[in-house]
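As numbered in this note's numbering, residues 3 to 508 make up the sequence shown, in order.
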Amino acid sequence: MNEIMNRINTHIYRIVSALLLTFSLVSCLEKIPGDYIPEEEGMTSFNDAEQTLTGIYSAYKSGALYSGYLTLCPDIQSDLVYAVKGNSNTYGRFWQWEVRSTDSELSAVYGSLYTVIGRCNFFLEKVGELKAGMTDDDEITALDYYTGEVYCARALAYSELIKCFCKAYNDQTKDEADGGVVIRTKWSESEHVRRATLKDSYALVISDLEKASELLDPEYDNYNSYYFTHAAVNAIRARVALYMEDWDNAVKYSTEVIESDVFSLANARAMVTSSQSFLQYLWTNDSSYEVIWRVGFTTTSYGGALGQVFLNFTTDRTYYYPDYVPAQSALNLYTSGDLRYDAYFRNVKTGYASGLEWPLLIKYLGNEQFLSNYIFHVNMPKPLRLAEQYLIRAEAYCRRGEYNKASSDLTTLRQSRFSTGGNISVNSENWLQTISDERTRELYMEGFRLNDLKRWGMGFERTPQAESQDEGSKLKVSKDNPLFVWPIPRHEIEAPGSEIKGNESN
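Structure, rendered in structure tokens:
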């Protein structure tokens, strides 16, 4: 057992030390193996398998994914921020609802997720033959564990593709032809390049998660994990169940995470240092008992800069030139005593000629270790947090009509975030608005809002606020706007041999 843990710990070190992924905008469904194993050499040793897995985690560092476009673009497209006059027009098409199938950010998200999938397929195709020739029991056990991580990695990538490029799951959409994503599970064998149904797309995600659950031992669950664990599998299963309107399984799997003795909510009242609460430390140091999985950055290997468009400060941190500032409607959701406000926002006078002074998003100010090395606006993404699991279970309880249980979950979450109090109650009339508001407060700019609006069937309207850019500030988006579902990148549709049908937004 100690040898297995040593292998796994070595594997974690390799992940944290991995090089940043670069990618090419050729067809995203091209076969791309891990960075470190040439295709002609295959995966012929245990060390090769470790390095291939490192390449999978390295792919998740891409600035097109959680440290960039996948997190930022959906929320910028929604009702959470406003573009400031004089901004650089970064992500401008998303904010103005003019997303096109040729946009580089959209292609990068699509391509980077299929890069993860391609590397997973490479590992899964090679691992059986490798394992058959191995004799070291500890290495065989460790290899099984790694295989569980790969299944989890592939499931997560597919779930994000579905979230961005497919309609919300319901009885009308689940069996729609070409309503899902292109399913690729092979490495060396050719497969039809066509979209599956939404139901079949989710079925693959669930199948991968079930395999991962069998292979990943809960004994190795740990907070602040850089690698996929059994707890991460349950967290993804809960999220997927919520998106599939499977309320029972959303409750089941979120409960497994919540009732684990490994994780606990970051207490905004308790201090981890003389000047920072546990909630603040979660964002200033990317470390917390509530982090289930984070993308492992180091000062020599990291992805995108999440805070750039919200802060864009000069090197002496004197002048700030944000592209986007929080919407007043979002700021108004934080009531007196809600300590998330001070952890997420800080009132700053910008360097613009207008002299705009506004609460800027400091959630992504930057990891303190990175800032000390003059690396600005960079935080480790934390795609799986315990707080989301409470929100998932609360919503699922509401869908089942169990409002007292939902109220208890929301109150538990809020009490960890409030200076005093935090109690809240939901009923049959107010539950959806309450859930929506609480998800906005807790998950602000973490990439959930656009999909939430899509699956709830909710539109929104923007009205201008102080020094907001004219284009996009007066915008009314109906619940059936086709751009809630991102267009499939044009080069994927036009690639030789492609049978991919575009979305309504194409």
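C-beta: ideal position from N, C-alpha, C; glycine also.
- Between the C-alpha atoms of threonine 302 and lysine 201 there is a straight-line separation of about 41 Å.
- By the Cβ neighbour-count rule, methionine 447 is buried, with 16 or more other Cβ atoms within 10 Å of its own.
- Around tyrosine 376, the same chain offers Thr317 as residues with beta carbons nearer than 8 Å, after the five sequence neighbours per side are excluded.
- By a beta-carbon distance limit of 8 Å, leucine 132 does not contact valine 152. Their separation comes to about 13 Å.
- Inter-residue distance for glutamine 435 and aspartate 325 is about 29 Å (C-alpha atoms, whole angstroms).
- By the Cβ rule, the region 110-127 does not count as touching the region 84-102, because fewer than three pairs are nearer than 8 Å.
- Look at serine 331 here: in three-state DSSP terms it is helix.
- Taking C-beta atoms under 8 Å as the contact rule, alanine 332 and threonine 442 qualify, at a distance of about 6 Å.
- Where glutamate 463 is concerned, the enclosing beta strand (DSSP E) starts and stops at 462-464.
- Closest by C-alpha distance to glutamate 162, out of Tyr62, Ala389, Lys87, is Tyr62.
- For the 8 Å CB-CB criterion, tyrosine 225 and serine 277 do not form a contact.
- Rounded to whole angstroms, the gap between the alpha carbons of leucine 386 and serine 90 is 31 Å.
- Three or more Cβ pairs drawn from the region 258-268 and the region 381-401 lie within less than 8 Å of each other, which places the two stretches in contact.
- Lysine 351 carries a strand assignment under DSSP once its states are collapsed to helix, strand and coil.
- Beyond the five residues adjoining it in sequence on each side, phenylalanine 280 comes within less than 8 Å, by CB distance, of Ala268, Asn269, Ala270, Ala272, Met273, Val274, Ser290, Tyr291 in the same chain, given in chain order.
- Cα atoms of valine 253 and aspartate 223: separation of roughly 20 Å, rounded to the nearest angstrom.
- By alpha-carbon distance to phenylalanine 315, the top candidate from Leu341, Ala240, Leu367 is Leu367.
- In the structure shown, serine 470 falls within a strand segment according to DSSP collapsed to helix, strand and coil.
- Taken through DSSP and simplified to helix, strand or coil, valine 111 comes out as helix.
- Cysteine 122 has its alpha-carbon roughly 10 Å from the corresponding atom of valine 129.
- In this structure, aspartate 340 sits near phenylalanine 420, with a CB-CB distance shorter than 8 Å.
- Within the region 68-125, the complete beta strand (DSSP E) segments of 3 residues or longer fall at 83-85, listed in chain order.
- Aspartate 219 and aspartate 140 have their C-alpha atoms some 14 Å from each other.
- Comparing alpha-carbon positions, the option among Asp454, Val86, Tyr399 lying closest to valine 428 turns out to be Tyr399.
- If only complete runs of 3 or more residues are kept, the region 229-297 shows the beta strand (DSSP E) at 293-295, in order along the chain.
- In this structure arginine 416 is buried. Its beta-carbon is surrounded by 16 or more other beta-carbon atoms within 10 angstroms.
- Secondary structure within the region 296-329: the beta strand (DSSP E) runs of 3 or more consecutive residues, fully enclosed, are 326-328 (chain order).
- Under DSSP, tryptophan 458 forms no beta bridge with any residue.
- Counting C-beta pairs with one atom in each stretch, the region 451-468 and the region 71-82 have three or more that are closer than 8 Å, which means they touch.
- In the structure shown, leucine 358 adopts coil according to DSSP, grouped into three states.
- In this structure, the CA atom of glycine 181 is about 15 Å from the CA atom of tyrosine 245.
- Per DSSP, valine 195 lies in no alpha helix (DSSP H) segment and is marked neither H nor E.
- Residues Tyr322, Leu358 of the same chain have their beta carbon placed closer than 6 Å to that of threonine 352, with the five preceding and five following residues left out of the count.
- Nearest to valine 350 by alpha-carbon distance, out of Thr337, Lys169, Tyr59, Ile364, is Ile364.
- In its chain, beyond the 5 residues on either side, Leu393, Leu412 have a beta carbon closer than 7 Å to the beta carbon of glutamate 440.
- The beta-carbon distance between tyrosine 283 and valine 380, rounded to whole angstroms, is 17 Å. This is too long to meet the 8 Å contact definition.
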